[in-house]
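These notes are about the structure you will find just below.
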Amino acid sequence: MKTFMLDIFIKRALADMKSNKFLNIIAIITLGLSILIVSAFLLFLININEVIDSCKKSVRIMAYLDPGFEEVQLEGIKQRIREMDGVSEIIFISKEEALKRLKEQMKRQSSLFENIDTNPLPDSFEVQIAPNFETDEKMEALAQKIEKLPSVQEVEYGRKWVNKFTRVVNIFKITAFVMALFFLLAAIFIMANTIRLLLYSKREEIQIMRLVGATDSFIKWPFYIEGLIMGGIGGIIGISMLFLVFIFISINVSQDLASDFVSIRFFSIKDSIWVISSSMFVGWLGCYLSLKQFLKA
Amino acid sequence: MENQNNEVIIQLFHVHKRYGGKNAIIDVTVNFFKNEFVFITGPSGAGKSTLMKLLYLGEPASEGQIIIEGVNLSRLSNSQIPFLRRKFGIIFQDFRLINTKNVYENVSLVLESMGMNRKYIQKKVKIVLRMVGMEDRGNNYPLSLSGGEQQRIAIARAMVGDPKIILADEPTASLDSESADAVLELLKTAHSKGTTIIVSTHDKELIRKMGTRVLHLKEGQVQE
Chain V
0 MKTFMLDIFI
10 KRALADMKSN
20 KFLNIIAIIT
30 LGLSILIVSA
40 FLLFLININE
50 VIDSCKKSVR
60 IMAYLDPGFE
70 EVQLEGIKQR
80 IREMDGVSEI
90 IFISKEEALK
100 RLKEQMKRQS
110 SLFENIDTNP
120 LPDSFEVQIA
130 PNFETDEKME
140 ALAQKIEKLP
150 SVQEVEYGRK
160 WVNKFTRVVN
170 IFKITAFVMA
180 LFFLLAAIFI
190 MANTIRLLLY
200 SKREEIQIMR
210 LVGATDSFIK
220 WPFYIEGLIM
230 GGIGGIIGIS
240 MLFLVFIFIS
250 INVSQDLASD
260 FVSIRFFSIK
270 DSIWVISSSM
280 FVGWLGCYLS
290 LKQFLKA
Chain U
0 MENQNNEVII
10 QLFHVHKRYG
20 GKNAIIDVTV
30 NFFKNEFVFI
40 TGPSGAGKST
50 LMKLLYLGEP
60 ASEGQIIIEG
70 VNLSRLSNSQ
80 IPFLRRKFGI
90 IFQDFRLINT
100 KNVYENVSLV
110 LESMGMNRKY
120 IQKKVKIVLR
130 MVGMEDRGNN
140 YPLSLSGGEQ
150 QRIAIARAMV
160 GDPKIILADE
170 PTASLDSESA
180 DAVLELLKTA
190 HSKGTTIIVS
200 THDKELIRKM
210 GTRVLHLKEG
220 QVQE
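Going line by line, the protein sequences match chains V and U. For the first sequence, counting from 1, position 128 maps to 127 in numbering that gives the first Met the number 0; every step adds exactly one. For the second sequence, counting from 1, position 35 maps to 34 in numbering that gives the first Met the number 0; every step adds exactly one.
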């Protein structure tokens, strides 16, 4: 396309937007709300994935030792566990150390420890898992192997609850995906209808343009540009609204939860550009569908 | 005025046009020559406007062949139709100007759609507006002009792309005699520059003034 033609198309698109302000504003707002909802789902998916990844990374096996184990056995057990496949690191946690950690974690409930004369906690090994060993089957096998060692009383690992959590989150993910798809389709439908109304109001003008030799591309391009501009503005509005909601939630609701568990984040610049570009695509697609139908008639 | 070189620009062979079961054009076979000024006349409902529409592919013929500068219209794809229409300048009884665009924009639209650059458009639109005596009305909107003025703009729009053929469908029907004369003068000017002019009208005075070939249509059939 020649540059001056693009200039003509942009001017016509802007003039059309100006002359149909009300319709365009309604379409932009509706598109913005749709993008807000879709990107909220996306943001949820991104953050929940990071939470799950973080949980998976923090999974380790705790091997609790018999109360009566002899210290001379300690190095032997440690060595045998270290030599097992899938073990990246092993740390001995004495029962004194365990109690100290527990007290630190439960500072606010320190009164609970006041009447405890003896340490009820066992000595234990904290076994870190190699990244390629994080599957259910491998971890289960490793845990069973450790449990069979002499002086190991019990083995515990958090994999099972992580898996349960993952399964629940997966249901949320599918729901979020379906909802996002639904709102995206709704946004396309809204755009298509807005452009259809515009086309209807300009049908005589379009008819005249065709009579004077205008090609369909010449007629379509300003509408495409209009769709892209509306989509872009809708996208910026949607993502800005989401950012405000995110800031509000970050400040007022999730601060404690997030700091203890995992930090939640907003879209990166790249993600934001992707969301706005998608919104522009939705704007264009709505125009494309409407024009295809209208110009065929 | 007889055509100077007998070079055919439009040929119609046994053309029919039907709307449902009703025949609007029946077995029309006729030639139009380069730089000819032809009137198509006949009573209302004779098929004058339908014949015009068939020429610029406003509607396709139901039967028969229409050949314009060697191009058979029945073989044109949809994407080729705009390029066929650029051979024509079309003038309508109801002007068909875009009321949301000013005079300059209405006229320049033709050249924009042809992909001409801005400088050329500005220059050419200025020339044709001067030719039709409307050079100072470029910023006016159609609805602020009289019927005669609107028709002049429509003629300017028809002429601005230097078409080979001008089709004028009842161009003076809604004008007073003074404006009608002005329109005829403008068509004569276009004709003097080598353009083929085909005018559909039932205005006998207009036909008498020109004294050129007349094609009589009655109930869809030619009675030359």
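Note that beta-carbon positions come from the ideal geometry of N, C-alpha and C, so glycine has one too. This structure is a prediction, so every number in the text was calculated from the model and none was measured.
- Using a Cβ-Cβ cut-off of 8 Å, leucine 198 of chain V does not count as an interface residue toward chain U, since no Cβ of chain U sits closer than that to its own.
- In the DSSP assignment, phenylalanine 31 of chain U falls outside any alpha helix (DSSP H) and lies within the beta strand (DSSP E) extending over 21 to 32.
- Between alanine 186 of chain V and chain U, the shortest Cβ-Cβ separation is not below 8 Å.
- About 6 Å separates the beta carbon of asparagine 5 of chain U from that of phenylalanine 32 of chain U, a gap short enough to meet the 8 Å contact definition.
- Within the same chain, Cβ atoms closer than 6 Å to the Cβ of glycine 230 of chain V are found at Ser278, Met279, Val281, Gly282, the five residues on either side in sequence being excluded.
- Put simply, the backbone Cα of threonine 171 of chain U is about 7 Å away from that of valine 182 of chain U.
- Cβ-Cβ separation between leucine 35 of chain V and glycine 237 of chain V: approximately 4 Å, consistent with a contact (criterion under 8 Å).
- Phenylalanine 82 of chain U is positioned such that its CB atom lies no closer than 8 Å to that of proline 162 of chain U.
- The residue from V:Leu288, V:Gln152, V:Phe124, V:Tyr156 with its alpha-carbon nearest to that of methionine 138 of chain V is V:Tyr156.
- Identification of chain U residues near methionine 4 of chain V by a Cβ-Cβ cut-off of 7 Å yields Gly114, ordered along the chain.
- Exposure of valine 244 of chain V is indicated by the presence of fewer than 16 other C-beta atoms within 10 angstroms of its C-beta.
- Assignment of isoleucine 97 of chain U by DSSP, reduced to helix, strand and coil, places it in the coil class.
- Shown here, isoleucine 128 of chain V sits in a strand according to DSSP, grouped into three states.
- Buried is the label assigned to glutamate 148 of chain U, since at least 16 other Cβ atoms lie within 10 Å of its Cβ.
- A contact between stretches requires three or more CB pairs, one per stretch, nearer than 8 Å, and the region 9 to 29 of chain U fails this requirement with the region 213 to 229 of chain V.
- As DSSP reads the structure, histidine 15 of chain U sits in a beta bridge with U:Glu62.
- Using a CB distance cut-off of 8 Å, methionine 16 of chain V does not count as an interface residue toward chain U.
- Straight-line measurement puts the Cα of aspartate 52 of chain V at about 24 Å from the Cα of methionine 178 of chain V.
- Less than 8 Å separates the beta-carbon of serine 150 of chain V from that of isoleucine 76 of chain V.
- In chain order, Lys172, Ala175, Phe176 place their CB closer than 8 Å to the CB of leucine 44 of chain V, counting only its own chain and leaving out the 5 sequence neighbours on each side.
- With a threshold of 16 other beta carbon atoms within 10 Å, arginine 151 of chain U meets it and is buried.
- Looking at the DSSP output, glycine 88 of chain U bridges to U:Ile165.
- Methionine 209 of chain U: member of the alpha helix (DSSP H) spanning 203 to 209, first to last residue.
- Contact with chain U is absent for glutamate 225 of chain V, since none of that chain's Cβ atoms lies less than 8 Å from the residue's Cβ.
- A straight-line Cα-Cα distance of about 23 Å links isoleucine 275 of chain V and arginine 11 of chain V.
- One alpha carbon belongs to isoleucine 9 of chain U, the other to serine 18 of chain V, and they sit about 41 Å apart.
- At a beta-carbon threshold of 8 Å, none of the residues of chain U lie near methionine 178 of chain V; the nearest stands roughly 40 Å away.
- Not flagged as an interface residue toward chain V: arginine 151 of chain U, since no C-beta distance is shorter than 8 Å.
- With contacts defined by Cβ atoms closer than 8 Å, glutamate 68 of chain U and threonine 195 of chain U do not form a contacting pair.
- Remark: three or more beta-carbon pairs, one from each stretch, lie closer than 8 Å, so the region 39 to 58 of chain U and the region 201 to 218 of chain U are flagged as touching.
- Taking all protein chains in view, the Cβ of proline 66 of chain V is surrounded by fewer than 16 other Cβ atoms within 10 Å, so the residue is classified as exposed.
- Between isoleucine 90 of chain U and alanine 157 of chain U, the beta carbon gap of about 5 Å places them in contact (Cβ cut-off 8 Å).
- Under the Cβ distance rule, leucine 22 of chain V does not count among the residues neighbouring chain U, no pair being separated by less than 8 Å.
- Arginine 129 of chain U and glutamate 204 of chain U have their C-alpha atoms roughly 27 Å apart.
- The C-alpha of leucine 30 of chain V lies about 23 Å from the C-alpha of isoleucine 248 of chain V.
- Check the Cα spacing between glutamate 169 of chain U and each of U:Gly146, U:Ser199, U:Ser143, U:Leu144: the tightest is with U:Ser199.
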